[in-house]
């Protein structure tokens with residue numbers, strides 16, 4: 422086993438506790454990654470699920486020594502950072518945390534964007550009072566060597582704010598995330614009689630969208646495990662969710678299959694999606710692709726672990 | 003020299019937070035506060051504001067690392083960054099303009115400057131079209147033209163007294179504006195342009211045009227086509243007095259510009275109607291509907 426992934430939050434947009442989501446879980450985005458025999462820890466996203474991950478770290482990891490880890494944020498929308506003040510290792514001296522994530526054109530650094538959740542008006546403890554050592558790093562599209570044979574590549578995705586997908590490579594295995602992400606659209610492709618129609622822009626837009634979609638496909642090509650945004654069905658997307666920055670089941674399954682992904686994990690479930698409905702939808706697609714692709718398709722579920 | 007450094011420091015601070023042109027601000031606010039904004043409207047309002055155009059280019063090129071692949075198309079930038087991000091970026095530059103001085107245009111007349119910039123952008127694009135350049139690069143000619151005088155904005159806003167003196171000097175001694183700028187401020191708009199190029203990560207096509215458009219003879223780079231096209235367009239705008247950016251007595255355009263581009267003055271005259279038509283269309287677009 423090279424890489425082990427455990428989900429602590431799988432829900433999109435906002436936590437949705439309750440009987441309808443009890444099976445797959447109501448916490449927002451948080452992934453625990455473990456690499457190699459020494460269980461090296463990397464965290465992706467600090468949604469509400471990170472609180473329970475913190476409990477596990479305190480119970481198991483802390484006895485082996487102070488928590489030293491990196492958190493990679495896909496982006497700074499609230500559902501992906503809201504759990505940060507409840508990540509208890511930040512209150513423990515000797516914890517060493519590096520937080521990475523994309524920042525947009527605003528001048529505030531990541532430290533403020535994320536850390537300001539710990540300010541008087543929102544939270545009883547201020548960032549300045551934390552005993553842990555926390556360092557923040559703005560991340561762009563890049564490739565880096567994280568040491569110990571772990572390599573990371575990042576890729577911008579399409580969302581109403583800058584978002585990074587992560588591709589971790591370790592001991593010949595690849596784990597990739599592609600959320601929150603809507604396939605790039607040619608937004609200039611309107612009816613020829615619409616105001617502002619510009620044939621040149623339509624052509625340029627088509628080339629740009631196709632080019633970017635191809636880059637995303639290259640980014641997760643051949644992944645052993647791909648965690649992909651599937652907030653909507655195609656029908657829902659057509660009925661008013663275009664431009665919201667999320668993918669459909671249909672797109673994710675097709676794109677992953679085309680890119681030779683071995684195991685696709687459907688992620689970022691819509692807050693209104695009940696467990697029953699989620700299974701019904703996914704079973705439908707499983708039946709539709711049965712025998713046509715060797716790709717495995719799973720539903721991201723709180724507490725569930727995937728190994729490659 | 004000390005005085006010059008002080009001025010450059012003031013200018014650099016201003017560049018870091020440069021506001022949109024007052025002429026486009028209301029339209030930007032209207033478009034960006036409308037939840038149903040069309041990408042076409044967003045595209046158009048940005049392409050009419052040199053500052054905003056520069057900032058979008060800065061964002062797209064600083065966010066995306068591949069330096070060998072500078073992005074110069076606004077359409078592409080809007081698709082890659084997303085409408086929401088571009089809208090918010092536009093709003094942030096418009097809001098700075100609103101908070102700024104009542105008139106953040108001092109010595110130069112804003113309407114004249116805007117018309118001149120737009121005229122050079124439109125003309126450069128039309129020349130490139132006529133010369134059958136790659137259709138994908140036409141937008142770049144427009145942007146290079148639109149931005150060629152961007153260095154005048156900080157000078158005009160942060161050193162207004164000296165700039166008025168500079169303008170007076172061009173009138174009195176019939177000298178090109180960039181020389182008058184050097185006489186009164188020890189720095190010309192091309193040098194200020196270079197600071198902006200650096201701060202905004204502008205691509206070489208735009209950067210070289212901004213920095214060398216009064217120094218064609220000494221240009222060493224490979225974007226000659228853009229530089230000469232914009233210079234011809236600039237000369238055309240000045241000669242026909244479409245808009246006004248302070249250069250009443252520009253240096254004569256070296257002959258090799260027309261020879262190298264393979265165009266004649268008549269070619270330019272032939273597109274004058276198109277150019278003024280485009281500017282009037284833009285003017286109508288910028289009117290804010292109630």
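Chains as they are written, first to last, in my numbering: chain A, 422 to 729; chain B, 3 to 292.
Backbone N, C-alpha and C define an ideal beta-carbon position, used for all residues, glycine too.
Flag residue 625 of chain A as yes if its beta-carbon sits less than 8 Å from any beta-carbon of chain B, otherwise no.
-> The residue given as residue 625 of chain A occupies position 204 in the first chain. It does: the Cβ of residue 625 of chain A has a partner Cβ on chain B nearer than 8 Å.
Which partner residues does residue 676 of chain A have in the DSSP bridge list?
-> The residue labelled residue 676 of chain A in the question sits at position 255 within the first chain. DSSP output for residue 676 of chain A lists no bridge partner at all.
Element boundaries [beta strand (DSSP E), containing residue 582 of chain A] | One-based indexing of the first chain puts residue 582 of chain A at position 161. Neither: residue 582 of chain A is in no beta strand (DSSP E) and is coded neither H nor E.
Segment contact, 8 Å Cβ cut-off, at least three pairs: the stretch 640-648 of chain A with the stretch 575-593 of chain A | yes
Proximal chain B residues relative to residue 581 of chain A, where beta-carbon distance stays under 7 Å | One-based indexing of the first chain puts residue 581 of chain A at position 160. Residues of chain B passing the Cβ test: 84, 86, 87.
Neighbour flag for residue 278 of chain B against chain A, beta carbons, 8 Å = In the second chain, residue 278 of chain B corresponds to position 276, counting from 1. Chain A contact via Cβ: absent.
Nearest-angstrom Cβ-Cβ length linking residue 426 of chain A and residue 596 of chain A, presumed shorter than 8 Å = Position 5 of the first chain, counted from the start, is the residue given in the question as residue 426 of chain A. Position 175 of the first chain, counted from the start, is the residue given in the question as residue 596 of chain A. Contact flag correct, Cβ pair sits at about 6 Å.
Within its chain, find whatever has a CB closer than 7 Å to the CB of residue 662 of chain A; leave out the 5 residues flanking it on each side and keep chain order.
-> Locating residue 662 of chain A in the first chain gives position 241, counting from the first residue. If we look at residue 662 of chain A and ignore the five residues flanking it on each side, its Cβ neighbours are 653.
Alpha helix (DSSP H) runs contained entirely in the stretch 214-277 of chain B, provided each spans 4 or more residues = 226-241, 257-263
Using the C-alpha atoms, what's the distance from residue 142 of chain B back to residue 213 of chain B?
-> Here residue 213 of chain B corresponds to residue number 211 of the second chain, with the count starting at 1. Here residue 142 of chain B corresponds to residue number 140 of the second chain, with the count starting at 1. Each residue's alpha carbon lies about 16 Å from the other.
Roughly how many angstroms separate the alpha carbons of residue 75 of chain B and residue 563 of chain A, rounded to a whole number?
-> On the second chain, residue 75 of chain B is found 73 positions in, with the first residue counted as 1. On the first chain, residue 563 of chain A is found 142 positions in, with the first residue counted as 1. Near 22 Å, if we compare the C-alpha coordinates of residue 563 of chain A and residue 75 of chain B.
For residue 489 of chain A, write down the residues that DSSP places opposite it in a beta bridge.
-> Numbered from its first residue, the first chain carries residue 489 of chain A at position 68. Per DSSP, A/517.
Taking only the alpha-carbon atoms, compute the straight-line gap between residue 591 of chain A and residue 424 of chain A and give it to the nearest angstrom.
-> Reading the first chain from its first residue, position 170 is the one you call residue 591 of chain A. Reading the first chain from its first residue, position 3 is the one you call residue 424 of chain A. The straight-line gap from Cα to Cα measures roughly 7 Å.
Please classify residue 720 of chain A: does DSSP put it in a helix, a strand, or coil?
-> For the purposes of this step, residue 720 of chain A is identified with residue 299 of the first chain, where counting begins at 1. Residue state, collapsed to three classes: strand.
With distances taken Cα to Cα, identify the nearest neighbour of residue 498 of chain A among A/694, A/571, A/450, A/491.
-> The residue given as residue 498 of chain A occupies position 77 in the first chain. Comparing Cα-Cα distances from residue 498 of chain A to each of A/694, A/571, A/450, A/491, the minimum goes to A/450.
At least one CB of chain A closer than 8 Å to the CB of residue 178 of chain B: is that the case?
-> On the second chain, position 176 is the one that residue 178 of chain B refers to. So, not an interface residue.
When B/282, B/129, B/254 are compared against residue 244 of chain B, the one with the closest alpha-carbon | The count along the second chain starts at 1 and reaches residue 244 of chain B at position 242. Ranking B/282, B/129, B/254 by Cα distance to residue 244 of chain B puts B/282 first.
Amino acids of chain A, ordered along the chain, whose beta-carbon sits closer than 7 Å to that of residue 128 of chain B = On the second chain, position 126 is the one that residue 128 of chain B refers to. By Cβ distance, chain A contributes nothing, its closest Cβ being about 14 Å from residue 128 of chain B, past 7 Å.
Stretch pair the stretch 24-43 of chain B + the stretch 204-219 of chain B: three plus CB contacts closer than 8 Å = no
Give the straight-line distance between the Cα atoms of residue 517 of chain A and residue 674 of chain A, rounded to the nearest whole angstrom.
-> If you number the first chain from 1, residue 517 of chain A lands on position 96. If you number the first chain from 1, residue 674 of chain A lands on position 253. Near 38 Å, if we compare the C-alpha coordinates of residue 674 of chain A and residue 517 of chain A.
If you follow the beta strand (DSSP E) that residue 16 of chain B is part of, which residue opens it and which one closes it?
-> Taking the second chain and counting its residues from 1, one reaches residue 16 of chain B at position 14. Note, residue 16 of chain B: premise wrong, no beta strand (DSSP E); alpha helix (DSSP H) at 4-18.
C-beta atoms of residue 703 of chain A and residue 718 of chain A nearer than 8 Å | Within the first chain, the letter at position 282 stands for residue 703 of chain A. Within the first chain, the letter at position 297 stands for residue 718 of chain A. Going by C-beta atoms, residue 703 of chain A is nearer than 8 Å to residue 718 of chain A.
By the criterion of Cβ-Cβ separation under 7 Å, what are the contact partners of residue 609 of chain A in chain B?
-> What you label residue 609 of chain A is simply residue 188 of the first chain in a count that begins at 1. Result: 41, 42, 77.
How far does the alpha helix (DSSP H) with residue 140 of chain B in it reach, from first residue to last?
-> Counted from its first residue, the second chain places residue 140 of chain B at position 138. 140-149 is the extent of the alpha helix (DSSP H) around residue 140 of chain B.
Please report the Cβ distance between residue 154 of chain B and residue 110 of chain B, rounded to the nearest whole angstrom; I am assuming they are in contact, meaning their Cβ atoms lie under 8 Å.
-> Counting from 1 along the second chain, the entry for residue 154 of chain B is found at position 152. Counting from 1 along the second chain, the entry for residue 110 of chain B is found at position 108. Rounded, the Cβ-Cβ distance is 6 Å, consistent with contact.
Residue ranges of each beta strand (DSSP E) run of no fewer than 3 residues wholly in the stretch 447-492 of chain A, ordered along the chain?
-> 451-456, 461-465
Own chain, CB closer than 6 Å to residue 125 of chain B, minus 5 neighbours either side, in chain order | The residue labelled residue 125 of chain B in the question sits at position 123 within the second chain. Result list for residue 125 of chain B: 235, 238, 277, in chain order.
Stretch pair the stretch 499-509 of chain A + the stretch 464-477 of chain A: three plus CB contacts closer than 8 Å | yes
Is the beta carbon of residue 748 of chain A less than 8 Å from the beta carbon of residue 41 of chain B?
-> Since the first and last residues shown for chain A are 422 and 729, residue 748 of chain A lies out of range.
What are the residues that DSSP puts in a beta bridge with residue 599 of chain A?
-> Numbered from its first residue, the first chain carries residue 599 of chain A at position 178. BP columns for residue 599 of chain A point to A/649.
Is the stretch 189-196 of chain B close to the stretch 144-159 of chain B, with three or more CB pairs under 8 Å?
-> yes
Report buried or exposed for residue 127 of chain B, applying the criterion of at least 16 other Cβ atoms within 10 angstroms of its Cβ.
-> Counted from its first residue, the second chain places residue 127 of chain B at position 125. Under this definition residue 127 of chain B is a buried residue.
If we call anything under 8 Å between Cβ atoms a contact, is residue 204 of chain B one with residue 56 of chain B?
-> As a first step, residue 204 of chain B is located in the second chain; it is residue number 202 there, counting from the start. As a first step, residue 56 of chain B is located in the second chain; it is residue number 54 there, counting from the start. Yes, they are a contact pair.
Contact check, residue 510 of chain A vs residue 531 of chain A, beta carbons under 8 Å = Mapped onto the first chain, residue 510 of chain A falls at position 89. Mapped onto the first chain, residue 531 of chain A falls at position 110. Not closer than 8 Å, so no.
Segment contact, 8 Å Cβ cut-off, at least three pairs: the stretch 249-260 of chain B with the stretch 127-138 of chain B = no
Using the Cα positions of residue 181 of chain B and residue 249 of chain B, report the straight-line distance between them to the nearest angstrom.
-> Here residue 181 of chain B refers to the residue found at position 179 of the second chain. Here residue 249 of chain B refers to the residue found at position 247 of the second chain. Cα to Cα, residue 181 of chain B sits roughly 10 Å from residue 249 of chain B.
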